[in-house]
Amino acid sequence: MNKFIKLIINTVYGDIVSPYFQLGNTIVGNNITGRARAMAWYMEKALHGIQTITDRRCFELNRVVKLRYVLTNIKYNRIRRLGKQKDLTLGPLLERKIRNQDRPYLDLEKIAIKTNEHIQKTFPRTNIIAKYELEVKKIVTGLSTHGASKYQTRIDDKITNTKMRSYKNKKYIIYDPKTKKIKGEKNTIESWLNFIYKNPNKVYREEPFVEKNIIKTNDYKKQMFEPLIKVFIHPTRQIKLRFRYKLPNLQVKVLIFFLQMKFIQPNQLTSYDFLYSIMEELLKPFLLIQNQTVISEAVSIIYPQKKTFKYDLLKLPLFNVKGVIPGRELQERFRTLNVSIRFEGRPMPCNIKVYGIN
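Residue numbers for the sequence shown follow the numbering used here, beginning at 86 and rising by one.
Below you can see the structure in the form of structure tokens.
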């Protein structure tokens, strides 16, 4: 029932703050979330907490803010700078200090009630605190953090949880950029936070690692070609674009992509406009390569009018690109893909020929 009520509340709130409905009102939305943000602030200051993430935070049972008077920002900042003061200090939340061996006997519900009472005592003039019910998720004996949403919890010597924003708690491929070889697998996120816990003053730099992901053509084009807006292609009537790639898992180590295009008139195009328009079609052959690791060597533009001139445009980071070949094409050992591209006005239609090996 609680989940159902929560779903209804979230749906109503989403409609209120959405700009796509006539009843949308951002001021009302800010007032709704403002109460939750205020409660998060009261919890952090009264409990001397860290790692405040939305509606939760971590704090030490033996180091919460104790005061004789009403807590203010000035007094809180004073304790952070100068330490213990006569009217503001740090002390245990419960009747006595908690030791590690006491952890199995602690009552989480009792601690939650004590925590709520402590926050209300710290901010007696605030009526928001009484509107929320607190819950203690778990108690740990060790914590290492680095910024927001990057933390590792442990009980004694056992790591219980590891979180880092934008990364997953798993083993990553360790890659040596000097030798360009894969060294193995390692959980670099867990290892890095473990270094912080053991010696925060001497943290080792982790080795480069590779994260596999699905490449979307539109995002890939934007990220790769934004720096090329001011790079111009020389005026010419014909351009040949060659792509050379290594396939380390095959005996045939070179896969060649060849593109030839003819212009109606010799125009000076930016490489951004040129490559951005054809990149979506060029990425399609990669998605047809089945279970192969593709590592790019270079992408070059060769001008037929200047045989000795070769322009290495960029290097494409297509490490670990994988795709699926339809069943019918699996029976063919060699294949040729022809894709027709029509540019907007200036270049003529051209063909892309892709020579590959299954």
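We put the CB at the ideal spot given by N, CA and C, even for glycine.
Reduced DSSP category for residue i - H, G, I as helix; E, B as strand; rest coil
i, result
"Q107", "coil"
"L178", "coil"
"V113", "helix"
"T238", "strand"
"L167", "helix"
"K88", "helix"
"D452", "The structure shown does not extend to residue 452, since the chain is modelled only from 86 through 443, so no value can be given for it."
"E270", "strand"
"L173", "strand"
"L278", "helix"
Contacts around residue i, its chain only, beta-carbon distance under 6 Å, and the 5 residues preceding and following it disregarded
i, result
"D187", "none"
"M249", "K235 and I274"
"N246", "T238"
Residue i burial status per 10 Å Cβ neighbour count (16 or more: buried)
i, result
"W126", "exposed"
"A131", "buried"
"V113", "exposed"
"K222", "exposed"
"A233", "exposed"
"K255", "exposed"
"T118", "exposed"
"M86", "exposed"
"T207", "buried"
Beta carbon of residue i nearer than 9 Å to that of residue j
i, j, result
"L191", "V149", "no"
"P293", "D241", "no"
"M124", "I213", "yes"
"L278", "Q237", "yes"
"D172", "L193", "no"
Residues that residue i bridges to, as DSSP identifies them
i, result
"R141", "I138"
Residues near residue i in its chain [Cβ-Cβ closer than 8 Å; skip 5 each side]
i, result
"K268", "I259, Y260, D261 and E292"
"T226", "N185, R188, R239, I240 and D241"
"I244", "Q237, T238, E275 and N279"
Chain-order list of residues whose beta-carbon lies under 7 Å from that of residue i (same chain, five-residue window excluded)
i, result
"C143", "G134, I135, Q136 and L228"
"V102", "G109, T111 and G114"
"F106", "D100"
"N147", "P177, K182 and I183"
"T230", "I135, Q136 and Y236"
Contact test: residue i Cβ vs the ligand MG heavy atom, cutoff 8 Å
i, result
"E180", "With respect to small molecules bound, the structure shown includes none, and the ligand MG cannot be examined in it."
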